[in-house]
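Under our numbering, the sequence shown is numbered contiguously, ending at residue 430.
Structure first, then comments.
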Amino acid sequence: MTIHFAGVAGLILIFILGGLRSVNLGALALVMTALLGATFSDEPASKWFAGFPVELLILLVAVTWLFAIAARNGTIDWIVNGAARLVGGRRALVPWIVFFVAALPTTAGALGSAGVALIAPVALRIAERYDLDRRMIGLMVLHGAACGNFSPLNVLGAIVNQAVARSGTDLSPATLFLANVAFNVVLGAVIFVVFGGMRLARSAPATAAERETAALCPDFPATRLSQSIVTVFAILAVAIASLCFDLGIGMLALFAAVALSLLFPRGSKGAEGDISWSVALLVCGIVTYVAAMQRFGTVDAIGHGIAGISSPLLGALLICAVGAVTSAFASSAGILGAMMMLAVPFISQGGFPAAGFVMALAISVTVVDSSPFSTAGALVVANARQAERDVVFRGLLIWGGAMVLTAPLVTWLIFIVGG
């Protein structure tokens with residue numbers, strides 16, 4: 012049995028065992044990583060977990076801790092009450108407001124996970140206030156953030172545009188950006204319909220009394236209000252430093268959480284207990300296993316095997332599929348960079364629209380960030396209430412699986428076959 016076959020079989024086994032025994036998939040993935048390294052590779056034991064995503068762990072822990080503090084000291088309620096007054100009784104507008112607000116950070120240059128980290132906690136609390144499906148709001152955040160992925164200011168856009176320049180493909184950055192926006196807006200409409208948006212649109216607007224009740228603030232002592240103001244400034248400082256100075260949002264959020272804990276120990280007490288450690292273990296374990304598969308060359312071997320297929324159209328579809336499947340469990344930026352490197356020699360073979368192939372591959376690799384195993388998807392799950400977390404996880408798992416299965420085929424049909 013080759014290491015590549017063993018790696019793919021191990022990934023399938025992780026999901027089967029996790030589903031049958033309700034064991035954390037991340038723990039299973041870490042064990043499987045060690046078994047794969049010990050049995051099929053010549054790496055020393057010290058290298059088996061070389062792909063463990065420390066930065067991702069810090070991001071998940073720090074962001075959920077920061078917003079747990081904001082929830083405990085009343086800041087989230089304060090923000091949500093303000094948003095409720097602005098929206099009034101128009102519940103059907105809330106998902107779309109969330110969608111387009113989530114697109115702003117990524118369009119300005121932030122990675123999708125950074126935008127989701129900032130928007131998802133507040134969006135989920137607004138969903139509670141308006142009794143909206145948390146899965147719908149989470150997915151609207153994710154696909155809204157995905158709209159800005161290929162902005163000329165975004166690193167993902169730079170990765171694709173550099174590959175386009177190397178291959179000599181005639182594809183403008185604006186065309187790529189707008190194609191991705193259109194695809195995600197359509198997905199947003201599907202999400203809106205599937206998760207009850209039409210029922211919201213048909214419902215009568217809230218009365219003035221109901222709007223006042225929805226936006227009613229609890230008594231806010233001066234000390235609590237001062238904590239909320241400082242907390243808002245801390246969150247804004249994290250956002251500005253991340254977006255404008257290209258600093259890691261995880262470490263920034265950790266500094267902010269520690270600073271708030273030192274300044275307001277009473278208001279922050281117990282917030283670390285709200286950190287979703289099970290989500291962190293799940294995602295970090297899966298990412299570690301996929302990183303091992305990448306390190307052993309499994310993803311490249313599959314990609315090169317596909318590139319050698321005699322039918323260019325079929326090869327293009329399979330490359331998009333490999334990119335989507337892999338990216339659902341790993342960094343979109345890393346997978347996109349690897350797949351674009353593979354795409355450049357494949358494009359030179361001809362037999363299909365090169366620009367269409369680039370757009371199909373780029374969208375297929377990034378649209379699966381709605382998976383709960385991606386960084387962005389994990390942030391949505393981690394910021395859901397404990398009682399709702401399993402429902403949100405299953406919702407994102409089903410939707411993310413649907414994206415893995417359909418996005419490569421749909422983009423292939425639209426941009427390659429139809430192009």
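A virtual CB, placed ideally from N, CA and C, is assigned to each residue, including glycine.
All values derive from a computational prediction rather than experimental measurement.
What residue range is occupied by the uninterrupted alpha helix (DSSP H) comprising D144? Position 133 of the sequence shown holds residue 144. Note, D144: premise wrong, no alpha helix (DSSP H); not H, not E.
State the start and end residues of the unbroken alpha helix (DSSP H) segment that holds S375. As a first step, residue 375 is located in the sequence shown; it is residue number 364 there, counting from the start. Note, S375: alpha helix (DSSP H), 365-378.
Tell me whether M350 is buried or exposed, calling it buried when 16 or more other Cβ atoms sit within 10 Å of its Cβ. The residue you call residue 350 lines up with position 339 of the sequence shown. Classification of M350: buried, given that the 10 Å Cβ count is 16 or more.
Buried or exposed: Q173, going by 16 or more other Cβ atoms within 10 Å of its Cβ? As a position in the sequence shown, residue 173 is number 162, starting the count at 1. Q173 comes out exposed.
For the alpha helix (DSSP H) containing N195, list its first residue and its last residue. Numbered from 1 along the sequence shown, position 184 holds the residue referred to as residue 195. Per DSSP, N195 belongs to the alpha helix (DSSP H) from 184-205.
Residues near I330 in its chain [Cβ-Cβ closer than 6 Å; skip 5 each side]: Working through the sequence shown from its first residue, we reach residue 330 at position 319. If we look at I330 and ignore the five residues flanking it on each side, its Cβ neighbours are I317.
Under DSSP, the alpha helix (DSSP H) around I260 begins and ends at which residues? Locating residue 260 in the sequence shown gives position 249, where the first residue counts as 1. Where I260 is concerned, the enclosing alpha helix (DSSP H) stretches over 260-274.
Cβ neighbour criterion (16 or more within 10 Å) applied to G123: Sequence index remark: in the sequence shown, residue 123 carries index 112 (1-based). By the 10 Å Cβ count, G123 comes out buried.
Proximity to L347 [Cα-Cα], best of H154, A156, V378: Translated into the one-based positions of the sequence shown, residue 347 becomes position 336. The shortest Cα separation from L347 among H154, A156, V378 belongs to V378.
If you drop the 5 nearest sequence neighbours on each side, which residues of the same chain put their C-beta closer than 8 Å to that of L328? Mapped onto the sequence shown, residue 328 falls at position 317. Within the same chain, L328 has close Cβ partners P419, L420, W423, I427.
Where does P106 land, buried or exposed, given buried means 16+ other C-beta within 10 angstroms? If you number the sequence shown from 1, residue 106 lands on position 95. Classification for P106: buried.
Between the alpha carbons of D380 and P163, how many angstroms are there, rounded? The sequence position of residue 380 within the sequence shown is 369, counting from 1. The sequence position of residue 163 within the sequence shown is 152, counting from 1. Computed Cα separation, rounded: 20 Å.
Nearest-angstrom Cα separation, counted from P184 out to S375: As a first step, residue 375 must be located in the sequence shown, where it is residue number 364. As a first step, residue 184 must be located in the sequence shown, where it is residue number 173. Taking the straight line joining both Cα atoms gives about 17 Å.
Do V166 and A11 come within 8 Å of each other at the CB atom, strictly closer than that value? Past the boundaries of the shown model lies residue 11; the chain is included only from 12 to 430, so the question cannot be answered.
In angstroms, rounded to a whole number, what distance separates the CA positions of P55 and I69? Sequence index remark: in the sequence shown, residue 55 carries index 44 (1-based). Sequence index remark: in the sequence shown, residue 69 carries index 58 (1-based). Cα-Cα distance, rounded: 26 Å.
Got a sec? Which residues, its chain only, sit under 6 Å from A270 by beta carbon, not counting five neighbours each side? Numbered from its first residue, the sequence shown carries residue 270 at position 259. Once the five neighbours on either side are set aside, A270 has no close Cβ partner at all.
Beta-carbon contacts of S52 that lie in its chain and below 7 Å, excluding the five residues immediately before and after: The residue labelled residue 52 in the question sits at position 41 within the sequence shown. The answer, listed in chain order, is I14, F307.
Beta-carbon proximity check, M262 vs I202, cutoff 8 Å: As a working mapping, residue 262 is identified with position 251 in the sequence shown. As a working mapping, residue 202 is identified with position 191 in the sequence shown. No. Outside cutoff.
Leaving aside the five residues before and after F26 along the sequence, list all residues of the same chain whose C-beta is less than 8 Å from its C-beta, in chain order. Locating residue 26 in the sequence shown gives position 15, counting from the first residue. Closer than 8 Å at the Cβ level, and outside the excluded window around F26, lie L36.
Does DSSP put I320 in a helix, a strand or coil? As a working mapping, residue 320 is identified with position 309 in the sequence shown. Coil.
Ignore the nearest five residues each way along the sequence and tell me which others in M304's own chain have a CB closer than 7 Å to its CB. Position 293 of the sequence shown holds residue 304. Same-chain partners within the cutoff: G18, V310.
The alpha helix (DSSP H) enclosing A79, as first and last residue numbers: To locate residue 79, count along the sequence shown from 1; it is residue 68. Here the alpha helix (DSSP H) through A79 covers 65-83.
Evaluate F161 with the Cβ neighbour count: other Cβ atoms within 10 Å of its Cβ, from every protein chain shown; 16 or more gives buried, anything less gives exposed. To locate residue 161, count along the sequence shown from 1; it is residue 150. Per the 10 Å Cβ criterion, buried.
Taking L67 as the reference, which of G406, M414, A398, L390 has the closest Cα? Walking along the sequence shown from the start, residue 67 turns up at place 56. It is L390.
Taking C-alpha atoms, which residue in F244, A81, M370, V415 lies nearest to L189? Here residue 189 refers to the residue found at position 178 when the sequence shown is read from its first residue. If we check each option's Cα against that of L189, M370 comes out closest.
What first and last residue would you give for the alpha helix (DSSP H) that runs through F384? By 1-based counting over the sequence shown, the position of residue 384 is 373. Careful: F384 lies outside any alpha helix (DSSP H) and carries neither H nor E.
Sequence-distant residues of its chain with Cβ nearer than 6 Å to I260 (five each side left out): Taking the sequence shown and counting its residues from 1, one reaches residue 260 at position 249. So the list reads A125, A128, S253, once near-sequence residues are dropped.
Here's the rule: buried if 16 or more other CB atoms are within 10 angstroms of the residue's CB, otherwise exposed. What is C158? Residue 158 sits at position 147 when you count from the first residue of the sequence shown. Per the 10 Å Cβ criterion, buried.
For T309, the three-state DSSP class (helix, strand or coil): The residue given as residue 309 occupies position 298 in the sequence shown. Three-state DSSP puts T309 in a helix.
Just to confirm my understanding: we take L198, look at its own chain, exclude 5 residues before and 5 after, and list those with CB closer than 6 Å. What are they? Indexing the sequence shown from 1 puts residue 198 at position 187. Cβ within range, chain order: H154.
Could you spell out where the alpha helix (DSSP H) holding T422 opens and where it closes? To locate residue 422, count along the sequence shown from 1; it is residue 411. From DSSP, the alpha helix (DSSP H) with T422 extends over 400-422.
By Cβ distance below 6 Å, which residues in the same chain neighbour F368 in space, the five residues on each side in sequence not counted? Stepping through the sequence shown from its first residue, residue 368 is reached at position 357. If we look at F368 and ignore the five residues flanking it on each side, its Cβ neighbours are A327, I427.
Rounded to whole angstroms, what is the Cα-Cα separation between F111 and G296? In the sequence shown, residue 111 corresponds to position 100, counting from 1. In the sequence shown, residue 296 corresponds to position 285, counting from 1. Roughly 32 Å between the two C-alpha positions.
For E6, which residues of its own chain have a beta-carbon under 7 Å away from its beta-carbon, when the five flanking residues on both sides are left out? Limits of the chain in this structure are 12 at one end and 430 at the other, which puts residue 6 out of reach.
T86, buried or exposed, once every other Cβ within 10 Å from all chains shown has been counted against 16: Stepping through the sequence shown from its first residue, residue 86 is reached at position 75. Buried, by the Cβ-count rule.
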